[in-house]
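Q: Quick one: this structure, given as structure tokens, is what I'll be asking you about.
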């Protein structure tokens with residue numbers, strides 16, 4: 008680790024952390040229109056630092072909603088080009104009264120930095136920018152490889168603008184690999200690369216029976232009840248063991264390789280501990296014969312998130328609602344085509360719809376699963392860089408969640424991603440008391456420095 | 008119809024209608040605390056008229072919520088005693104923008120009086136009071152039979168105070184029969200007595216899985232989903248044909264007599280017309296082999312009214328909620344014991360609850376079905392009175408709904424009810440543009456006059 012960049016980063020840790028705190032003080036909550044100005048302020052803060060550290064062509068790009076940030080430094084001919092991705096928007100902080108210190112007043116406790124966005128994703132965005140600064144300052148104003156940044160402010164609200172932008176600006180974003188810093192370590196001190204994500208098809212079924220809400224006394228026994236219809240339908244989409252019953256649903260599922268499954272078995276994971284501390288239920292569910300990691304990373308699932316309609320206040324109202332809805336999503340695994348799955352799902356729901364009920368289905372979002380190969384130079388360099396920083400072998404994991412932009416990098420830009428994240432499983436993303444473990448912020452900066460230096464040397 | 012009372016009623020129709028309009032102008036919405044004063048004003052309006060027409064012991068009785076009204080006139084020794092019941096509170100008027108004229112500005116159109124409460128139940132309450140006035144004025148200040156009034160202001164919010172009051176004041180309410188005016192004619196111009204009501208057990212199941220809301224990407228496939236658990240459970244409570252699957256549920260069901268079923272077949276009812284105009288669905292549902300009237304009046308049913316919990320706003324949120332609920336009710340028929348049914352239901356739900364989920368059940372309301380015999384002098388006199396007014400044979404029907412006070416009159420006071428109502432099926436109870444067909448208001452007054460006169464003569 009005789010890296011001048013790492014040395015620079017170490018000497019500037021306190022300043023880097025102070026800058027991050029300044030960024031965290033801006034409540035850039037992308038979903039709340041009253042915070043639109045704050046979102047813009049956060050973008051301008053980032054733009055200004057990108058300019059200050061020496062990035063070129065720094066641009067704040069207007070979109071239909073929140074601005075994108077582009078920057079590049081492309082003066083390393085013959086060397087690889089990285090596309091650095093992160094986001095500067097954050098989730099709403101509620102419930103506010105569960106925060107120990109206010110969400111937009113960053114506070115240090117036990118080597119952790121507490122604030123909304125600390126780890127998701129401002130802390131990890133700042134890791135990238137500070138790594139670039141360290142590389143730049145320690146290499147006479149040059150970078151060891153070519154670098155582009157594309158940073159968005161809509162990750163927490165669906166990421167429409169970046170999806171649109173990258174379809175229209177493929178050459179502007181041309182790169183050999185993308186560096187995505189929005190994931191986590193599998194366990195504290197365990198260097199981790201995420202090499203697979205599940206896809207998502209998120210739908211809403213609307214069921215309509217009578218023309219108006221009816222009284223269940225007068226009409227119960229004759230009027231069709233859209234809630235009961237949805238219950239009948241959904242009970243037939245998945246069996247009690249978690250197997251999805253949509254015809255053809257599993258046809259294209261590609262299982263992980265034996266080597267990958269073997270590697271997962273070696274990960275430090277204890278099912279009983281996970282059940283008690285992370286889930287907190289009396290039992291876990293899911294398909295028999297598959298481990299928890301297999302089920303959550305590499306098996307498709309179907310969930311119901313909410314069933315709007317009818318009477319939901321306290322007490323009793325004897326209504327047979329004219330209309331009821333169900334938000335139903337499916338997580339997809341590699342090789343399942345979201346369009347194909349949606350079609351099969353839609354046909355099956357229609358087929359299951361009972362007499363007297365009309366169903367219609369809205370597609371709220373759709374994206375494929377994504378796996379990145381591990382035998383390319385980018386993953387190899389990242390693996391080594393993290394091993395050097397953590398002094399432990401890097402593990403490859405998948406995530407059961409979806410990062411749509413990674414699928415877009417893969418499918419639209421044909422650019423593979425390196426998902427190098429430094430969060431921890433208990434960092435409270437999207438929840439009160441979100442935190443970033445401060446040593447991981449510094450390790451992230453150092454890992455990126457070494458990663459890019461290794462790529463230059465390779 | 009050489010009745011002096013009827014003559015008096017006819018001469019005073021316009022004034023009676025004018026008084027009713029004054030009562031309708033008071034927005035006595037019992038469920039909204041900001042209308043508590045209006046509810047009281049309506050009660051005082053009624054009290055004042057009861058005094059004016061010559062009723063005795065007129066009392067406004069304070070309760071935990073809205074006042075009860077009591078009055079009596081008991082100077083007809085040897086004659087029967089009637090307990091006249093109605094309610095002076097109304098439902099909220101929303102959605103306001105669907106009213107053609109404002110809900111609390113009574114308006115006449117096409118022989119109908121439009122206002123919130125016109126038929127449910129202020130119009131029918133006023134029918135009773137005006138019949139008593141007509142009888143009193145045309146019989147030298149005397150009534151042909153003994154009369155008590157018990158009038159409530161909480162019918163639309165559960166009727167707790169009257170239930171409590173009648174348990175504690177059985178002798179004060181002692182009567183030979185109750186006259187309940189809160190039902191409807193089976194068809195326009197068809198004199199109708201309601202002789203049966205279904206009971207109700209209204210519950211809410213709460214299902215809990217994980218200790219906190221979880222991300223469906225990270226935890227889908229391992230964390231139990233309380234919505235799916237509820238769907239699994241409820242799908243097994245009733246089959247697709249409407250048959251309830253709770254063990255022992257039908258054991259005590261008492262079917263209507265052959266004569267009653269024969270009489271229902273003679274009623275002017277056209278299933279296709281009912282489907283199109285009242286329900287408006289593409290098909291009706293319910294148990295095969297039973298007619299619509301049988302299914303809605305005399306077969307038990309199970310309905311889902313709402314499923315609070317999870318994510319219900321527009322859009323997509325990938326949450327596996329820690330908790331979800333389902334409001335599930337059962338309509339009961341004669342001889343089914345609500346306590347027994349609730350116990351069977353509760354046990355079955357527990358049995359169906361999948362691993363990893365905890366369910367608990369709240370009982371929101373519970374009451375038995377109720378049938379009144381038709382071969383007593385009260386029903387006979389009512390039948391004849393209505394036949395004379397309408398000049399058609401009176402029909403006996405049941406209602407699929409529940410009027411808990413009727414069950415209480417039966418079970419607590421041991422007093423049979425005569426349910427003589429003058430609403431119409433399209434009167435928009437609980438909906439915008441509630442109306443009362445004005446000729447039916449007058450027929451109601453005349454029917455009650457003749458009914459009581461017949462009882463005196465019998």
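Residue numbers (my numbering), protein chains in the order written: chain A, 8 to 465; chain B, 8 to 465. Cβ atoms here follow ideal geometry from the backbone N, Cα and C, with glycine treated the same way.
#1: State the Cα-Cα distance for the pair residue 386 (chain A) and residue 357 (chain B), rounded to the nearest angstrom.
#2: Using alpha carbons as the reference points, say which of B:446, B:440, B:266 lies closest to residue 403 (chain B).
#3: With a threshold of 16 other CB atoms inside 10 Å of the CB of residue 452 (chain A), please say whether the residue is buried or exposed.
#4: Taking DSSP as the reference, what is the three-state secondary structure of residue 340 (chain A)?
#5: What span of residues does the alpha helix (DSSP H) with residue 188 (chain B) cover, start to end?
#6: According to DSSP, is residue 276 (chain A) part of a helix, a strand, or is it coil?
#7: Among B:149, B:101, B:308, B:289, whose alpha-carbon lies nearest the alpha-carbon of residue 297 (chain B)?
#8: Check each residue of the region 403-430 of chain A: if its Cβ is closer than 9 angstroms to any Cβ of chain B, include it; give the result in chain order.
#9: Suppose you measure from the CA of residue 58 (chain B) to the CA of residue 185 (chain B); what does that come to, to the nearest Å?
#10: Relative to the C-alpha of residue 360 (chain B), which residue among B:382, B:213, B:14 is closest?
#11: Is the CB of residue 107 (chain B) under 8 angstroms away from at least one CB in chain A?
#12: For residue 465 (chain B), I'd like the list of residues in its chain whose CB is within less than 7 angstroms of its CB, leaving aside the five on either flank, ordered along the chain.
#13: How long is the line joining the alpha carbons of residue 243 (chain A) and residue 352 (chain A), rounded to whole angstroms?
#14: Apart from the five residues just before and just after residue 436 (chain B), which ones in its own chain have a Cβ nearer than 6 angstroms to its Cβ?
#15: Taking the CB atoms as reference points, tell me whether residue 160 (chain A) and residue 94 (chain A) lie closer together than 8 angstroms.
#16: With 8 angstroms set as the bound, which would you pick, yes or no: does the beta-carbon of residue 241 (chain B) sit closer than that to a beta-carbon of chain A?
#17: Over what stretch of residues does the alpha helix (DSSP H) that includes residue 303 (chain B) continue unbroken?
#18: I'd like to know if residue 318 (chain B) contacts chain A, where contact means its C-beta is closer than 8 angstroms to some C-beta of that chain.
#19: Please list the terminal residues of the continuous beta strand (DSSP E) segment that includes residue 79 (chain A).
#20: Assess, as a yes-or-no matter, whether the region 105-115 of chain A is touched by the region 172-189 of chain A under the definition of 3 or more beta carbon pairs within less than 8 angstroms.
#21: Looking at the structure shown, is residue 17 (chain A) part of a helix, part of a strand, or coil, going by DSSP?
#22: Comparing alpha-carbon positions, which option in B:425, B:106, B:227 lies nearest residue 122 (chain B)?
#23: Whole angstroms are fine: how far does the CA of residue 421 (chain A) sit from the CA of residue 443 (chain A)?
#24: From the DSSP output, in three-state form, read off residue 371 (chain A) for me.
#25: Starting from residue 417 (chain B), trace the alpha helix (DSSP H) both ways and give me its first and last residue.
#26: Should residue 42 (chain A) go down as buried or exposed, given a rule of 16 or more other Cβ atoms within 10 Å for buried?
#27: Counting contacts by CB-CB distance shorter than 8 angstroms, is residue 302 (chain B) in contact with chain A?
#28: Per DSSP, what are the beta-bridge partners of residue 94 (chain B) in this structure?
#29: Thinking just about the alpha-carbon of each residue, which of A:21, A:254, A:248, A:235 is nearest to the one in residue 248 (chain B)?
#30: Tell me, please, whether the CB atom of residue 289 (chain A) is closer than 8 angstroms to any CB atom in chain B?
#31: Measure the alpha-carbon distance for residue 364 (chain B) versus residue 65 (chain B) and round it to whole angstroms.
#32: Near residue 260 (chain A), what residues of its chain come up, given a Cβ to Cβ distance below 7 angstroms and the 5 sequence neighbours on each side ignored?
#33: Could you tell me which chain A residues have their CB closer than 7 angstroms to the CB of residue 18 (chain B), listed as they occur along the chain?
#34: Just checking: is the beta-carbon of residue 365 (chain B) within a distance shorter than 8 angstroms of some beta-carbon in chain A?
#35: Nearest by alpha-carbon distance to residue 274 (chain B): which of B:400, B:100, B:24, B:335 is it?
A: Let me spell this out:
#1: 51 angstroms
#2: B:266
#3: buried
#4: coil
#5: Residue 188 (chain B) -> no alpha helix (DSSP H), and no H or E assigned at all.
#6: coil
#7: B:308
#8: 406, 407, 408, 409
#9: 21 angstroms
#10: B:213
#11: no
#12: 384, 388
#13: 11 angstroms
#14: 127
#15: yes
#16: yes
#17: 299-305
#18: yes
#19: 75-80
#20: no
#21: helix
#22: B:106
#23: 32 angstroms
#24: strand
#25: 411-418
#26: buried
#27: yes
#28: B:159
#29: A:235
#30: yes
#31: 55 angstroms
#32: 307, 340, 342, 343
#33: Simply none; closest approach about 37 angstroms.
#34: yes
#35: B:400
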